[in-house]
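At position 152 of the sequence shown (counting the first as 1) the number is 152 in UniProt numbering, and the numbers step up by one without a gap. Just so you know, even glycine gets a beta-carbon here, dropped at the ideal spot from N, CA and C. Being a predicted model, the structure only gives us computed values, none of them experimental. Contents: one structure, followed by commentary.
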Amino acid sequence: MSAPVISGAENAPAMPAVPRKERAVPERSAVDAVYRQTVSSLGDGVCPRCRGRVTVDATTDGWSRDQGPRSLTYGFEYACRDCGGRWTTTVGETVLDHPAVAAFYHDHGVDLRDSHVWELEFAATDHDTRVRSRDPLRLELRPRCGNDELVLVVADDGSVVRNSRHTKFTARDTWFDRPAADAGRN
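Right, dumping it as structure tokens:
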């Protein structure tokens, strides 16, 4: 999968190279670091280009990246009031640095910093995203790790308003009561 392009990211300030660290997975690229910083800045309401204020609106009408055939249904559109810069992110990209997301993956032995954003399915696609309610607009994102699932409810401004974890059991994981004759043995 190729690196996604955030509209306006070509004008983002240059970033120093990511410091070398010993990791099991090759270190993130400078492109990934700038990408994450851009999305984080937008989430804070700050234009990554001019440091002006940005507005954010959720979209459920569909959009596509600047490059590539992939189209997405859900995301967030940001616009700078000062310089006119415009960016679009997926729901997963928007919540990537939320503590519940980091903790969920950390608890499963996954450091999200060891992967490029575009390699994280929940961030690069909207396969696990749906509209939970329309008034007020709430989007639901359900990233998975093993049999566990994190449920995030995201408001139209990109903030996480609720999160919970669930374990999905398969048929073989069904719990049965022991027969009464076995109840006293152990």
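- For the beta strand (DSSP E) assignment, the uninterrupted runs of no fewer than 3 residues enclosed by the stretch 118–151 are, from N- to C-terminal side, 129–134 and 137–141.
- If you check the CB distance, Thr129 and Glu140 come in under 8 Å.
- Asp57 is bridged by DSSP to Glu77.
- Per DSSP, the continuous alpha helix (DSSP H) segment holding Thr94 begins and ends at Val91 to Thr94.
- For Ser41, the enclosing alpha helix (DSSP H) starts and ends at Ala30 to Gly43.
- For the options Leu42, Val95 and Ala58, the alpha carbon positioned closest to that of Leu152 is the one of Val95.
- Classified as buried, Arg36 has 16 or more neighbouring CB atoms from the shown chains inside 10 Å of its CB.
- Here Val101 carries a helix assignment [DSSP, helix/strand/coil].
- An exposed status is given to Arg81, since fewer than 16 other beta-carbon atoms sit within 10 Å of its beta-carbon.
- His106 carries a helical assignment under DSSP once its states are collapsed to helix, strand and coil.
- Per the Cβ contact rule, the stretch 161–168 is not in contact with the stretch 113–127 (fewer than 3 Cβ pairs under 8 Å).
- Bridge partners of His116 according to DSSP: none are assigned.
- Between Val160 and the set Asp135, Glu77, Arg49 and Pro99, the nearest pair of CA atoms involves Pro99.
- Sequence-distant partners of Ala58 (beyond 5 residues in either direction) whose C-beta falls short of 7 Å from its own C-beta, in its chain, are Phe76, Leu137, Leu139 and Asp156.
- Cβ-Cβ separation between Thr73 and Gly62: approximately 5 Å, consistent with a contact (criterion under 8 Å).
- In this structure, the CA atom of Thr55 is about 5 Å from the CA atom of Ala79.
- Here the alpha carbons of Arg53 and Val110 stand approximately 33 Å from one another.
- Non-local beta-carbon contacts of Glu93 in its own chain, meaning distances under 7 Å to residues more than five positions away in sequence, involve Val39, Val117 and Ala123 in chain order.
- Residue nearest to Val31 within the set Ser164, Pro143, Arg113 and Ala102 is Arg113 (criterion: CA-CA distance).
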